[in-house]
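Residue numbers (this note's numbering): 7 to 313.
Cβ coordinates follow ideal geometry from the N, Cα and C atoms, glycine included.
Here the structure is laid out as C-alpha cells; the discussion comes afterwards.
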Amino acid sequence: MKLPPGTTALLKLHDTVAQALRDGVPVVALESSVLAQGLPIPANRDADARTRSIVSRRGAVPAIIAVVRGVPSIGLEAEDLERFLARDGVVKISARDLAPCVAGGKDGATTVAASLALCTLAGLPVFATGGIGGVHRDAPFDESADLIELARSPVITVCAGAKSILDLPATLERLETLGVTVIGFRTTEFPGFFTSRTGLSVTHSAETAAEIAAMYSAHRALNRPGAILVVQPPPSASALAPEIVEAAVAKALADAKGAGVSGAAVTPFLLAAVERATGGKSLETNLALLEANAALAADIAVALSSH
Ligand code: PSU
Ligand code: MN
Numbered sequence: 007m008k009l010p011p012g013t014t015a016l017l018k019l020h021d022t023v024a025q026a027l028r029d030g031v032p033v034v035a036l037e038s039s040v041l042a043q044g045l046p047i048p049a050n051r052d053a054d055a056r057t058r059s060i061v062s063r064r065g066a067v068p069a070i071i072a073v074v075r076g077v078p079s080i081g082l083e084a085e086d087l088e089r090f091l092a093r094d095g096v097v098k099i100s101a102r103d104l105a106p107c108v109a110g111g112k113d114g115a116t117t118v119a120a121s122l123a124l125c126t127l128a129g130l131p132v133f134a135t136g137g138i139g140g141v142h143r144d145a146p147f148d149e150s151a152d153l154i155e156l157a158r159s160p161v162i163t164v165c166a167g168a169k170s171i172l173d174l175p176a177t178l179e180r181l182e183t184l185g186v187t188v189i190g191f192r193t194t195e196f197p198g199f200f201t202s203r204t205g206l207s208v209t210h211s212a213e214t215a216a217e218i219a220a221m222y223s224a225h226r227a228l229n230r231p232g233a234i235l236v237v238q239p240p241p242s243a244s245a246l247a248p249e250i251v252e253a254a255v256a257k258a259l260a261d262a263k264g265a266g267v268s269g270a271a272v273t274p275f276l277l278a279a280v281e282r283a284t285g286g287k288s289l290e291t292n293l294a295l296l297e298a299n300a301a302l303a304a305d306i307a308v309a310l311s312s313h
C-alpha cells in the first residue's frame, strides 16, 4: 500500500508518544470522536485541554487516537487537532470504517471501537473515554460496535459506564456474554454515565489503580483476548439525578424518532438533545467525567508501568 510522504509505517506515533514508549513512561490513549462529534464546539476544546492536562499531571503521556488524512495516528500534531476540533471535513469512524478511511486518505475521528482497534495495533494497554456505546433502547436493536471491539481488544478501558441514552441492563448482559471483564472502581454499581446510580450490580470492584494493574497482568497471563472495562461514577458534584436524566432521554428519543435519525448519527444526536433538555447541565457532567476518567486511566497506566 502506498503511504503518504514522510510516513514509514502504517501507524504514526507522535514524537512525545514514541519517546514515552522508548523511556518506559506510561501512555494513556484518548478517543477523538468525543471531540469531533460527541461534544459541541467550544466544549470539545475544553474537554481536550482538561483530559490531556490531567493525564500529564498524573505522570503519563496523553495520546489522542485518530486517522489523520488516512494515517492511523497515536497522538495528534497541533494543526491536525485543530481540524478535528473545528470538525472540518472530519467523519465519525467506527471499526468497520477504518480501512476505507485509511485507503481514502480521510480524516476520521475514532469511536471507542475504532480507537480500541488502533490501541491493539500499537500495543497500548490503557485507554480512557466518557461512556461506551452499547445496546440502544427498543427493537430493532441498534448495538454499538464498541461492545464487540471490547471483546477483542486487550485494553484497560476506563469509562463512566455506558451512555444514559442506552438500554443499560441489556448492555451489561451483552458485556457478560462477550466475556468483557467489568470492574467497578470504588463502586459495586454499573454507573449510568450522567448518573452514578442505576441499580445494576457489577460483580467485581477495585479500590486502587494497583489492583486494576494486577488484574490486567492476570488477564494477560491468562491470554484473554478482550478488554478490562473499568467503570467509575461521574464526579459526585456534577452527577445528575436519575429522574432528570430519564426525562431528558425520553424527550431526546422522541426527538430522534421525529427527526428520523439513524446509523452513526444517533448517538451524537441523542447527546445533543439531552444537553438541550437538561439546560446544558449534562454537558458539564460530560466534561467532568471525561476528566475524571482520564485521571484514573493515568493512575492505572502509572501503576501498570511499575507492576
Ligand atoms: N463518550 C462521550 N461522548 C461520546 C462518545 C463517548 O462522552 O460522544 C462516543 C464514543 O466515541 C463512542 C460513541 O464510541 O460515542 C458510540 O457511538 P455509536 O453508538 O454510534 O457506536
Ligand atoms: Mn449504532
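By the criterion of at least three beta-carbon pairs nearer than 8 Å, the segment 287-298 is not in contact with the segment 209-218. The shortest CA-to-CA distance from Gly129 to any of Pro231, Gly76 and Leu181 is the one to Pro231. A heavy atom of the ligand PSU is found nearer than 7 Å to the CB of Leu277.
For Ser311, the closest C-alpha among the options Ile218, Ala245 and Ala265 is that of Ile218. Under the three-state reduction of DSSP output, Thr194 falls in the coil class, being neither helix nor strand. Taking the Cα positions, Pro146 is about 44 Å away from Thr22.
Residue environment analysis places Asn229 among the exposed positions, since fewer than 16 neighbouring C-beta atoms fall within 10 angstroms of its C-beta. Placement of the Cβ of Ser150 at a distance of less than 7 Å from at least one heavy atom of the ligand MN is found. Straight-line measurement puts the Cα of Asp148 at about 12 Å from the Cα of Ala271.
Each residue's CA atom was taken as its position, placing Leu276 and Pro46 some 12 Å apart. With the rule of 3 Cβ pairs closer than 8 Å, the segment 183-198 does not count as touching the segment 106-114.
When rounded, the separation of the alpha-carbon atoms in Arg102 and Ala120 is 8 Å. Using a 10 angstroms sphere on the CB of His313, the tally of other CB atoms stays under 16, which defines it as exposed. Fully contained in the segment 216-266 are the following beta strand (DSSP E) runs of length 3 or more, in chain order: 234-237.
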